[in-house]
Amino acid sequence: MKKRIVTLLAVCAVIFTGGAIAGAVDSLRMGQDLQDNAKEPAKKKQAVVQGGIERSYKIQPPAIPHKIDKDRIDLKANTCMNCHSEKTYKQKNAPKAGESHYTDRDGKVTETVASRRYFCNQCHAPQVVAEPLVENTFQGAK
Ligand code: HEC
Ligand code: HEC
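Numbering-wise (the working numbering), the sequence shown opens with residue 15 and increments by one.
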C-alpha cells in the first residue's frame, strides 16, 4: 500500500512539473499558451524570385519562384503545364519539366506528364516572404 502511494505521488510530480515545463517553452506557437486555441496566422505574401531559388541539395525538387494562387491542378486541367510542358516552355520562357516527369514507374517514356508527376505541388512548393522561424544550418551535398 505504502509503495503504491509513493508511486502515485511520483507520477503526480512528473505530470505537474512536465506541465510547467511545457507551458514555459516558447514554441512555434509564439508565446501562446498551450491550453488556448491557435490564433489564425497572419497571411504571408508569396515570394517572387527572379532567376529561381537555389536548391539546398542536388536532387531537390526546386522550390517554385513565382505565385501559383491562380493555378489549377485537377482532373480536367493542370495549368502548370501551360508553361512548363515540352510544347510551351520555349514560348513562355520557362524551364521545362525534365525527362523524369515523362517516365512512368516502369521506366516507360510517356507522351504527356507521367501520372506520378501530375500533382506538381506534391513536390514543388511555393515560398512566402518570411524570416525563418528557427535557424537552419543544413548543408546539402551540392
Ligand atoms: C505563366 C507561366 C507559368 C505557369 C502557369 C507556371 N509557371 Fe513555373 N515558372 C515559370 C517561369 C517563367 C519560371 C522561371 C522563373 C525564373 O527563373 O525567374 C518558372 C519556374 C518554376 C520552377 C523553378 C524551376 C527551377 O529549376 O528553379 C518550378 C519548380 C515551377 N516553376 C513550378 C510550377 C508549378 C508547380 C506550377 C503550377 C502550380 C507553375 N510552375 C506554373 C512560368 C510558369
Ligand atoms: C514526385 C515529385 C515531383 C512531382 C510530382 C513533380 N516534380 Fe518537378 N521535379 C522534381 C525533382 C526531383 C526535380 C529535380 C530533378 C529533375 O529534374 O528530375 C524536378 C524538377 C522540375 C523542374 C526543373 C527542371 C530543370 O531542368 O531545372 C521543373 C520546371 C519542374 N520540375 C516542374 C514540374 C511540374 C510543372 C510538375 C507538375 C506537372 C512537376 N514538376 C511535378 C520532382 C517532382
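Backbone N, C-alpha and C fix where the C-beta goes; we use that ideal spot for every residue, glycine too.
*When DSSP labels each residue in this structure, what does residue 136 get in the three-state scheme?*
Position 122 of the sequence shown, counted from the start, is the residue given in the question as residue 136. It is helical.
*Kindly indicate which residue of 113, 56, 68 has the alpha-carbon position closest to the one of residue 154.*
For the purposes of this step, residue 154 is identified with residue 140 of the sequence shown, where counting begins at 1. Of 113, 56, 68, the residue nearest in Cα terms is 68.
*Taking 8 angstroms as the cut-off, is the CB of residue 133 close to at least one heavy atom of ligand 2?*
In the sequence shown, residue 133 corresponds to position 119, counting from 1. For ligand 2, at least one heavy atom lies less than 8 angstroms from the Cβ of residue 133.
_Please state whether the Cβ-Cβ distance between residue 75 and residue 66 is less than 9 angstroms._
On the sequence shown, residue 75 is found 61 positions in, with the first residue counted as 1. On the sequence shown, residue 66 is found 52 positions in, with the first residue counted as 1. For residue 75 and residue 66, no; Cβs fall outside 9 angstroms.
*Any heavy atom of ligand 1 closer than 8 angstroms to the Cβ of residue 75?*
In the sequence shown, residue 75 corresponds to position 61, counting from 1. Under cutoff, so the answer is yes.
*Please report how far the alpha carbon of residue 56 lies from the alpha carbon of residue 137, in whole angstroms.*
Locating residue 56 in the sequence shown gives position 42, where the first residue counts as 1. Locating residue 137 in the sequence shown gives position 123, where the first residue counts as 1. Residue 56 and residue 137 have their C-alpha atoms some 25 angstroms from each other.
*Any heavy atom of ligand 2 within a distance shorter than 8 angstroms of the CB on residue 140?*
Here the question's residue 140 lines up with position 126 in the sequence shown. No; taking the cut-off as 8 angstroms, the Cβ of residue 140 has no heavy atom of ligand 2 nearer than that.
*Return yes when at least one heavy atom of ligand 1 lies under 8 angstroms from the C-beta of residue 88, else no.*
Position 74 of the sequence shown, counting from 1, holds the residue named residue 88. Outside the cutoff, so no.
*Pick helix, strand or coil for residue 92, following the three-state DSSP scheme.*
Your numbering for residue 92 matches position 78 in the sequence shown. Residue 92: strand per DSSP, three-state reduction.
_Between residue 43 and chain C, is the shortest Cβ-Cβ distance under 9 angstroms, so that the two count as touching?_
Going by chain labels, chain C is absent from the structure shown, which holds only one protein chain.
*With 16 as the cutoff for other CB atoms within 10 Å, does residue 111 come out buried or exposed?*
Position 97 of the sequence shown holds residue 111. Flag for residue 111 reads buried.
*So, do the segment 119-128 and the segment 41-52 have three or more beta carbon pairs nearer to each other than 8 angstroms?*
no
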